[in-house]
Amino acid sequence: MQYIVMDLEWNQCPSGKGDEVEALPFEIFEIGAVKLDCNMERLDSFSCYIKPQVYKELHYIAKGLTHVTQEALDAGKSFADAVTEFFAWCGAEGEYRICTWGTSDLVELQRNMKYFNITSPLGHPLFYYDVQKLFSIDREDGKLRRALETAVDMLGIEKNIDFHSAISDAEYTAKVLACLNFNKVEGYFSIDTYIIPQSLKEEIRVNYGTYEKYITKGYETKEELVNCTRLLSTRCYLCGQTARKKIRWFTMNSKMHYCLAECREHGYIKGRFKIREDDNGKFYASRVLKLTNELGAEEVRQRQLEVRKRRREKRQKKKA
Ligand SMILES: [Zn+2]
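Here our numbering is used: the first residue of the sequence shown is 5, the next is one more, and so on.
Spelled out as structure tokens, the structure:
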């Protein structure tokens, strides 16, 4: 297995949201990547500029953040050529895994490919490494998300090139990845959901040991989704037995849903799922079931009390 550490730079509508092309809020203008072997040794790099076709001038954020010039972009390749060359450089599908800093690069890459009608060679389900998350799991609490430069500083990596070009950020991300205890973080791959499961058969369940992730297929309406028994069931992911619900699913803001269950063998399991909408307007959920202790169970109880209190207050306000 090789690792393709990728970073993208993108532009947005220079005259503001009002003139934005809805299907392409961010247009990629630079692809940078570093290839590492299975021992995290650097093998090669890839770098290219792309001539913008939608937002032809740089937005002030992109102008301020990156060091790219309008001339360099105008001399760039077409997006189709750049992406084709990039994937040819990556190698055969299944022989490499993409690594990015954060969760947005793969989404924007696929959105740009869709907009420009380019068939994606990326397989599904699409597993990748979010190095920002791996850094947190290895060095911090697993929840904190640091800026790339902060992680570079924390690891004492030499800062000999400027940040915020695709190739420099890919180089730094690769260096961060190479510093991590890979045996410890290897199992924590992320799942990209730009393309969601198209059928029941394609639904994704991954057991990470201390928690299980489940991604449903898409539904036309939120109602269909939140009434789907597979989503609401709290079967223990360790033994397969039904964990009895202690607190049934409830919601705080109609996006995040929580519950508490108890497996006879493994104890408390807390559940949460979030309703999301894909680019085609379909609703799907990403659910996590996680083993927990008395303290974790109490947190769910408190959250439910809080929701009830808020509802009561709302009702009283209405009456008054
Ligand atoms: Zn169990």
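Ideal Cβ placement from N, Cα and C applies to all residues, glycine included.
Would you say His261 touches ligand 2, meaning its beta carbon is less than 7 angstroms from a heavy atom? Absence of ligand 2 is noted for the structure shown, with ligand 1 being the only ligands found.
How about Cys243: is its Cβ closer than 7 angstroms to a heavy atom in ligand 1? yes
What do you reckon, are the CB atoms on Cys142 and Lys217 nearer than 8 angstroms? It should be noted that the sequence gives Asp, not Cys, for residue 142. Taking 8 angstroms as the Cβ cut-off, Asp142 and Lys217 do not qualify as a contacting pair.
Residue interval of the beta strand (DSSP E) (run including Ser290): 287 to 295
So Ala174 packs on Val9, CB below 8 angstroms; how close in whole Å? 5 angstroms
Check whether the region 52 to 63 and the region 94 to 101 touch, using three or more Cβ-Cβ pairs below 8 angstroms as the test. no
Residue span of the alpha helix (DSSP H) that contains Met117, given as start and end: 109 to 119
beta-carbon Glu269 near ligand 1 non-hydrogen atom, thresh 7 angstroms: yes
Any 3 or more C-beta pairs closer than 8 angstroms across the region 218 to 238 and the region 190 to 210: yes
Closest by C-alpha distance to Leu28, when choosing among Arg115, Pro56, Asp78: Arg115
Beta bridge counterpart(s) of Glu280 as assigned by DSSP: Reading off the sequence, residue 280 comes out as Arg, not Glu. Tyr288, per the DSSP bridge assignment.
So, at 6 angstroms on beta carbons, what are the nonlocal neighbours of Glu61 in its own chain, with the 5 sequence-adjacent residues on each side left out? Pro18
Going straight from the alpha carbon of Lys373 to that of Val311, what length do you get? The requested residue 373 is not part of the displayed model; the chain covers only 5 to 324.
CB contact flag (Arg101, Tyr198, <8 angstroms): no
Relative to ligand 1, is the shortest distance from any of its heavy atoms to the C-beta of Cys240 smaller than 7 angstroms? yes
Which stretch, first to last residue, makes up the beta strand (DSSP E) that contains Trp265? According to the sequence provided, residue 265 is Ala. The question's Trp does not apply to it. Counting along the chain, the beta strand (DSSP E) containing Ala265 begins and ends at 260 to 267.
Ignore the nearest five residues each way along the sequence and tell me which others in Leu264's own chain have a CB closer than 6 angstroms to its CB. Lys250, Ile251, Lys274, Ala301, Val304
Residue range of the unbroken alpha helix (DSSP H) whose run includes Gly36: Note, Gly36: premise wrong, no alpha helix (DSSP H); beta strand (DSSP E) at 31 to 40.
For my contact list, Ala170 and Leu12 are in at a C-beta cut-off of 8 angstroms; report their separation, rounded to the angstrom. 6 angstroms
Expected contact under 8 angstroms - CB spacing of Tyr192 and Leu138 to nearest Å: 6 angstroms
Whole-angstrom Cβ separation of Pro129 and Ile195, contact assumed at under 8 angstroms? 6 angstroms
Just list the residues that DSSP pairs Ser49 with in beta bridges. Val38
State the CB to CB distance for the pair Tyr176 and Ile200, rounded to an integer number of angstroms; the pair is presumed to be in contact (CB under 8 angstroms). Going by Cβ atoms, the distance from Tyr176 to Ile200 rounds to 31 angstroms, so no, they are not a contact pair.
Whole-Å CB distance - Trp253 paired with Leu236, under 8 angstroms assumed: 6 angstroms
N- and C-terminal bounds of the beta strand (DSSP E) containing Ile102: 100 to 104
Comparing C-alpha positions only, which one of Arg315, Glu34, Ser108, Leu40 sits nearest to Met5? Leu40
Pick helix, strand or coil for Asp166, following the three-state DSSP scheme. coil
Return the bridge partner residues of Ile273 from the DSSP annotation. Ala265, Leu295
Note down, in chain order, each residue of its chain lying with its Cβ closer than 6 angstroms to the Cβ of Met44, except the 5 sequence neighbours on either side. Ala182
So Lys147 is in the alpha helix (DSSP H); what residue range does that whole segment cover? No alpha helix (DSSP H) holds Lys147; DSSP gives it neither H nor E.
With a Cβ-Cβ cutoff of 8 angstroms, do Ala66 and Asn15 count as a contact? yes
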